[in-house]
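A.B. asks: Numbering (full-length UniProt numbering), first residue to last: 262 to 613.
So that we are looking at the same thing, I have put the structure below in structure tokens.
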Ligand code: F1P
């Protein structure tokens, strides 16, 4: 519920075209290095890794710089190829995750510039990186990350826009148009939260499921992964996130009348393809819960349940589409009697 505020705080309200974006902190000193980077590599774990995947779509679309997104827990052990004109960006809510720190250490040894996106001021990752930007999400009480995710995506969006403008891959009028629209996101998140009661209705219907599938395309594929992770982490329901187009390569075998399939089906470049994925699920008696753009009657008619989010540029949609999935997981977990703040076996900060 704090997300409209934490996103707004992370944007830092004002945007100074001549000085770059205030929200980017020390990262602004690396704008030239970023614009000229051979490659940007995001390293992170868990939800922060999903924010890195969203960043990949944002950076590649806006800046045309090649991006890789690595699980820090793998990267650290596999002697990765890193060039000295690569930029390695760690994303971490706590700034203390041991795997992410170890990944940064390797990147530094191999000569790459390292940057950090952290929430905790003065945390280890924010100190060991060459520069960084803070998310201003405030303390997260629960173990499962929610507002940290949207704050990380906010920083990544501002970075991608700024570097794209600096590089000239978007012009000043496009940049201004994006920023103008981006500043409407906190109010739109508020509008999503006003409909939280609808997420409770959906949770009530599917709370006894034993499995769930989450599908999304493009920049909403990482949101599908994050939706599945939230449900797993706090309600202990087995859930998998997939790019919707991958469904036919395996997970379609799982679909039957007992399988809830959460589909992110907002208006955008992938819309028509997602609609045909929904048809494929319905043809196999699957239950579809669709996250749709306000006023989309077509998908609402096809789906068993739907949750509307306000319209916005495709690049900003993860900040809206993730919220109903967080809410549904929360309500399912409460209804199943799970401890939402402290799920079993999980630690807020994995420092070993
Ligand atoms: C990474 C992370 C979180 C998750 C849990 C365990 O932490 O995987 O995303 O919610 O708390 O750790 P961080 O590096 O973002 O602090």
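Glycine included, each C-beta is placed from N, C-alpha and C at the ideal position.
Provide the residue span of the alpha helix (DSSP H) that contains residue 406, from first to last.
C.D. replies: That residue, residue 406, is in no alpha helix (DSSP H); it is neither H nor E in DSSP.
A.B. asks: Can you list every residue whose CB sits closer than 7 Å to some heavy atom of ligand 1, going in chain order?
C.D. replies: 305, 306, 307, 308, 309, 352, 353, 354, 355, 356, 357, 358, 361, 404, 405, 406, 409, 494, 607, 608, 609, 610, 611
A.B. asks: Pull the bridge partners of residue 475 from the DSSP assignment, please.
C.D. replies: Beta-bridge pairing links residue 475 to 502, 523.
A.B. asks: Would you please state the rounded distance, in angstroms, between the beta carbons of residue 563 and residue 549? I believe it to be under 8 Å.
C.D. replies: 7 Å
A.B. asks: If you follow the beta strand (DSSP E) that residue 577 is in, where does it begin and where does it stop?
C.D. replies: Segment: none, residue 577 is in no beta strand (DSSP E) and carries neither H nor E.
A.B. asks: Using DSSP's beta-bridge definition, name the partner residues of residue 314.
C.D. replies: For residue 314, which the question treats as bridged, DSSP gives no partner whatsoever.
A.B. asks: Is residue 305 helix, strand or coil by DSSP?
C.D. replies: strand
A.B. asks: Could you check the C-alpha separation between residue 524 and residue 539 for me, to the nearest Å?
C.D. replies: 8 Å
A.B. asks: Looking only at its chain, what residues have a beta carbon closer than 6 Å to the beta carbon of residue 355, apart from the 5 residues adjacent to it on each side?
C.D. replies: 381, 610
A.B. asks: Around the C-beta of residue 238, are 16 or more other C-beta atoms found within 10 angstroms, so that it is buried, or is it exposed?
C.D. replies: Only positions 262 to 613 of the chain appear in this structure, which leaves residue 238 out of reach.
A.B. asks: Could you pull the start and end residues of the beta strand (DSSP E) that residue 374 belongs to?
C.D. replies: Run containing residue 374: 374-379, per the beta strand (DSSP E) assignment.
A.B. asks: Output the distance between the C-alpha atoms of residue 296 and residue 436, rounded to the nearest integer angstrom.
C.D. replies: A straight line joining the alpha-carbon of residue 296 with that of residue 436 spans about 15 Å.
A.B. asks: Check for me: the beta strand (DSSP E) holding residue 567 runs from which residue to which?
C.D. replies: 566-570
A.B. asks: Taking the alpha helix (DSSP H) that residue 347 belongs to, which residues open and close that run?
C.D. replies: That residue, residue 347, is in no alpha helix (DSSP H); its beta strand (DSSP E) goes 347-353.
A.B. asks: In angstroms with no decimal places, state the Cα-to-Cα distance between residue 614 and residue 267.
C.D. replies: No answer is possible for residue 614: the residues shown for the chain start at 262 and end at 613.
A.B. asks: Assuming residue 414 contacts residue 312 (C-beta within less than 8 Å), just tell me the rounded distance between them.
C.D. replies: 5 Å
A.B. asks: Can you confirm whether the region 436-447 touches the region 481-494 when touching is taken to mean that 3 or more C-beta pairs between the two stretches lie within less than 8 Å?
C.D. replies: These segments do not touch.
A.B. asks: Name, in chain order, the residues that DSSP records as bridge partners for residue 582.
C.D. replies: DSSP, once it has assigned bridges, lists no residue as partnering residue 582.
A.B. asks: According to DSSP, what are the bridge partners of residue 393?
C.D. replies: 377
A.B. asks: Using the three-state DSSP reduction, which class does residue 279 fall into: helix, strand or coil?
C.D. replies: In this prediction, residue 279 has a pLDDT of 47, which is less than 50 and means its spatial position is unreliable; nothing more can be read from the coordinates.
A.B. asks: Can you find at least 3 beta carbon pairs, one from the region 366-374 and one from the region 584-604, that sit closer than 8 Å?
C.D. replies: The region 366-374 makes no contact with the region 584-604: fewer than 3 CB pairs, one atom from each, lie closer than 8 Å.
A.B. asks: In whole angstroms, what separates the C-alpha of residue 416 from that of residue 284?
C.D. replies: 7 Å
A.B. asks: Please return the same chain residues whose Cβ sits closer than 7 Å to the Cβ of residue 323, not counting the five positions on each side in sequence.
C.D. replies: 421, 422, 425, 430, 431
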